[in-house]
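Chains as they are written, first to last, in this note's numbering: chain A, 1 to 291; chain B, 1001 to 1345; chain C, 2001 to 2397.
Backbone N, C-alpha and C fix where the C-beta goes; we use that ideal spot for every residue, glycine too.
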Amino acid sequence: MEYFLEQTVNGLAVGSIYALIAVGYSMVYSILYLINFAHGDVIMFGAFVALTLVGMAFPVAAVILLACCAGALLGIIVERIAYRPVREANRVVPMISALGAGLVLAATAQLIWGPEVLPFPQLLPRGLVDVAGIGVPIQSLIILAVALVLVAGATILLYRTPIGLAAQCVCQDLYAARLMGIPVNSVIVAIYAAGGFLGVAGGILFAMYFNAIFIQMGLLATTKAWAAAMLGGVGNFQGAFLGGILLGLAEVASVALVGSAYKDGVSLVIIVLVLLLRPNGLFGARLAERS
Amino acid sequence: MLDFLHSRRGAAVFLVILAVIPLLDPGRYWLHVINVTMIYALVSLGQNIITGWCGMLTLGQAAFFGLGAYTSALLSLTFGLPFIVCFFAAGIMASIVGALLSLPCLRVRTDFLSLITIAFNQLFFVVANNWMSLTRGPMGLPQVPRIEFFGFAAWSATDHYYVFLVIVALAYFAVSRITGGATGRAWEMIRDDEVAARAVGVDVVRYKVLAFAVGCFLAGCAGSLFAHYLRLVSPDMFLLEESLIAMQMAILGGLASLPGAALGAFLMIAIPEALRSSEPWLITLRPGIGGALLVILMIWRPHGLLSRRNTAPQSLRALSAWLRRGIGLDRAPRSPAERDRDNLR
Amino acid sequence: MNTTSSRRSKFLGYGALVGILSFGLAVPFGSVSAQEDPIKIAIAAPMTGNSAAFGQNAERGAEMAVEAINAAGGINGRMIEYDIFDDRGVPREAASVANAIAAEADEYFAVLGHINSSATLAGMPIYNEVGIPVINASSSNPTITEQGWENFIRMTIRGDYGAQQYSAYAINNLGRKKLGIVFVNNDFGRALRDDMMRAVEVLPAEVVAEAGFTPGVDKDFSAVITEFKNAGVDAVMLNTEYTEGGLFVGQAANLGLTDIAVVGPDTLLYDSFLDLSQGAAEGANILAAYDPYAENALTTSFMSSFQERYDTLPSQVAVFTHDLFYLLKAAIEEEGATRDTLIDTIKGMNFQGAGGQYAWDEKGDVKDRTFAVIEVTGDGFKSTGLSVDEDGLEVLR
């Protein structure tokens, strides 16, 4: 029983990191319906920026804020260069150009910070707290709390603010939105910026929790976030959040039950099986196929 | 120019050029590069059938490529079957698995298909990497036999070159027959408007499964060639990254274009080779330069270099205007009608 | 051409467009015409991709050795030059690299490479075909030499022998009974894990838990650590690179898996291992194929000048790459080796390098080399001077 609970705690911790990354990802994914392959690399780049800022002895809060803003800026740049020019083409095209932009970001990061896995400074306290006889890492609790706050913030942003409502119009019909006088370009820029901001927050927690920051975490983050967003249901932040948590739990379950060598395969198969039963994801609303 | 490339005469000219290349003695290195390119031209062709003609975004071609490679290598290593048998077995194996995989996900959203194929790719890697008694896991299968048939054995790069050239030419010819006929028209109709296709009586599921079967067959055959050419199969040759490369090939070269499929393979294999250099900064930038090319190409010709579906301008002057509009210097929004004409599904 | 920087770009000449328009006709330019032809070595190593750190170490080892040798007059007056070919640690790319080298086989005296065993396996048939000698620093997979190549020698100790030694050290020297094996699920880690399972069968201990993980991707070991804790593991065998090794140890400490012995190979012998473990690596035992702290002039001078130049510890790859150049020098100057006799000459040699004493057997494996036991202490790595208690391993010979 204790073993089971400890593994559940592990799953929740890694799941809440995935959740955070997935929420940022789901910004772009649910509104523009674009598999944003650059998202992970934006996260990676932002986390490296945080690493550099720590090295320059900035205070912790400033580091996190500045790095997240760097993420937002990168999101804007990616939108400008790799998304806007091809926005009207077949939806595969922006996906490929995003992939290209991601490769450029990864190569730039490698040129600046090198190919090695680097340790990430611990900005938050570590250690175990005793919760009902189970040792729970403090960082897991902090991560879970941060993820909850950010997902709530994102939800408010999307459903309670003018720009959020405009974003929903864009999601439904870009051309109609333009005709109604919504500044489509600015709204999309804002979506990308918010996605980058949230993503980097997740990326910093990721780097801190595993004490590792590395170039390849970009593609890793993209696939995990996408899987989580699909699992939770597109167009739904709570869904992406819960999808991330479930993905973390699925990974831990596959390690504990099948073996760690099968982790990536098994967790993806679980997601596919879930989606076969519920094609719109666990919490997704029915969406019509958008062309 | 585009019309010439897509014509039968263009294909014949291209084939003759390819046939004389080894006579010019380009050296074994560039022959090897073209050999690998030709193998990937098959993969790219398979991807193009599924994505370009039938409009399904599959992201797991590396798994079918690998499935073919493992099938062929294992059959020849374990049972000593001749190459020809292994070659077709590889294609058929990949084809059957591909068709089965496509079945459950044909009625759902396109992204779901992408995710399923990605999951299949991961699963393939995990199984190949862990099923020690069959695949030798990460150690891979070394010393796969050479390509041999009817008393001919391929030893040098030039031998392989001509074997691959014949196979690739046959495959392209066969695919041109399929896509030029009723099947190809059905695929394009499904891609452009699935509802309309269904309304006029096209059996959508059947044609989608068929596209998968043919596309994966080609990937499997390519895998067999790859295994017997490199004489080594290991799981890390078939990672998800390779699937992304296959997709980039199909899209860069040009969706629903036969020469495009070949060009895409050439771009993705030969340009990185050309950039392979001993300058450290250039080595680091190699993937980055490839990425930048992707972005530029997507802006310039979103349907790929050789696709005849591009409405993008071809003169330099028009390109710059188009780029300016793309980057946002000129704001002349295109009408929905314009957009619809350009769009695939 | 006898400057210290003797590397030149190999394929800058092929612009991408040249490649497209006339890929058949491109001819390399920039042929070298010094009074005395240089000895050219092709280094095949991963400079990008997941194993890029190893390629960087190979480059540093080569840089140090070649600068020193050239400054002292080269090999019989001939300068050494090397070209680096990036194989990204991937077999397909390794085959391309091998073909690129084979296309100019006459230009190169020998190939130094590859790093990853699977890359070496992919390249060997091609090198063998053109008869170019291959001298290898760190591919430890036993399969390579078991294939019987006659143009191949390597510096590192075979993985299967290593696995027996690591197990014996944990069981005999440290007296542990319940092993937990962590392995990176690639050709390196998987082979070690399999040979460890075999070794543990004949030694008085058992493997109570094991966990493989995907290289370059998995960084989260929490579930594995909880499993190890639950199984009562008292010694963790880390068959990993330093990255995952360091992360594992660090995360284990955070999750309260303490009082365990940690034993691993010299892929852990990097400063990064200590950094990534956040201090939790203290007390870990590393069995190195060479002793970086050996009391001999060659070793200490190499270690200190490397440390000074790059501000980090040289890895196994750097040490062996460095030694390979001196081995080449010794083979040519002292034994009169030519390109054709290089491998046979080396097999008959006894060579003293920065990594210790080397001798080779018929297959091209090093023989009579033992592991140095290095311990992690509060302020870095320390040689213990201990040797592995091989009691019980005889049956495996």
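Taking the Cα positions, C/Glu2210 is about 42 Å away from C/Gly2131. Of all residues in the segment 260-281 of chain A, only Ser260, Ala261, Lys263, Asp264 come within less than 8 Å of chain C when Cβ atoms are compared, listed by chain position. Between B/Ala1128 and A/Leu268, the C-beta gap is not smaller than 8 Å, which leaves the two residues out of contact. In terms of beta-carbon proximity, B/Ser1234 lines the interface with chain C, with at least one pair separated by less than 8 Å. The alpha-carbon of C/Thr2156 is positioned some 39 Å away from that of B/Leu1059. Under a 10 Å Cβ-count criterion, A/Arg84 is classified as buried, with 16 or more other Cβ atoms of the shown protein chains found around its own Cβ.
Setting aside the 5 residues that flank it on each side, C/Glu2107 is surrounded in the same chain by Lys2040, each with a C-beta closer than 7 Å to its C-beta; the list follows chain order. Residue environment for C/Arg2198: exposed (fewer than 16 other C-beta atoms within 10 angstroms of its C-beta).
At a cut-off of 8 Å between beta-carbon atoms, B/Gln1122 makes contact with chain A. Between B/Ile1050 and B/Gly1215, the C-beta spacing is below 8 Å.
In this structure, the CA atom of C/Phe2213 is about 16 Å from the CA atom of C/Ala2252.
Per the C-alpha coordinates, the member of B/Trp1155, B/Gly1254, B/Asn1130, B/Ala1174 positioned closest to C/Arg2193 is B/Asn1130. Close to B/His1032, with beta-carbon spacing below 7 Å, are these residues of chain C in chain order: Ser2096, Asn2099. C/Asn2057 is outside the set of residues whose beta carbon lies under 8 Å from a beta carbon in chain B. Here B/Trp1187 is buried, its C-beta having at least 16 other C-beta atoms within 10 Å.
The Cβ atoms of A/Val200 and A/Ala109 do not sit closer than 8 Å to each other. Any Cβ of chain A closer than 8 Å to the Cβ of B/Pro1272 would place that residue at the interface, and such an atom is absent. Check the Cα spacing between A/Ala225 and each of A/Thr8, A/Asn10, A/Leu5, A/Ile43: the tightest is with A/Ile43. Listed along chain C, the residues sitting closer than 7 Å to A/Arg126 by beta-carbon distance are Asn2254. Under the three-state reduction of DSSP, A/Leu12 is assigned to helix.
About 6 Å separates the Cβ atoms of C/Val2249 and C/Val2262, confirming a contact at the 8 Å cut-off. Distance check between B/Gly1288 and each of A/Ala98, A/Ala57, A/Leu144 places A/Ala98 closest, using alpha-carbon atoms only. Membership of A/Leu74 in the alpha helix (DSSP H) is indicated by the continuous run 60-78. Per DSSP, reduced to three states, the secondary structure at B/Arg1136 is coil, with no helix or strand assignment. Put simply, the backbone Cα of A/Met1 is about 18 Å away from that of C/Leu2257. Straight through space, the alpha carbons of C/Glu2059 and A/Thr52 are spaced by roughly 26 Å. About 10 Å separates the beta carbon of A/Ala166 from that of A/Leu158, a gap too long to meet the 8 Å contact definition. Excluding its 5 nearest sequence neighbours in each direction, B/Val1202 has C-beta neighbours in its own chain below 8 Å: Ala1186, Met1189, Ile1190, listed in chain order. With a 10 Å radius around the Cβ and a threshold of 16 neighbouring Cβ atoms, C/Lys2367 comes out exposed. By the beta-carbon neighbour count (other beta carbons within 10 angstroms, threshold 16), A/Tyr3 is exposed. Residue state for C/Thr2240 is assigned as coil, using DSSP reduced to three classes. Near chain B, meaning a CB-to-CB distance below 9 Å, the residues of the segment 92-104 of chain A are Val92, Val93, Pro94, Met95, Ile96, Ser97, Ala98, Leu99, Gly100, Ala101, Gly102, Leu103, Val104.
Between B/Glu1273 and B/Val1033, the C-beta spacing is below 8 Å.
Between B/Gly1264 and the set B/Ile1039, B/Gly1027, B/Ala1089, the nearest pair of CA atoms involves B/Ile1039. Proximity of the segment 1192-1207 of chain B to the segment 1020-1031 of chain B falls short of the contact definition, fewer than three beta-carbon pairs being nearer than 8 Å. Taking a Cβ-Cβ cut-off of 8 Å, the neighbours of B/Leu1230 in chain C comprise Pro2091, Arg2092, Ala2095, Ala2122, given in sequence order.
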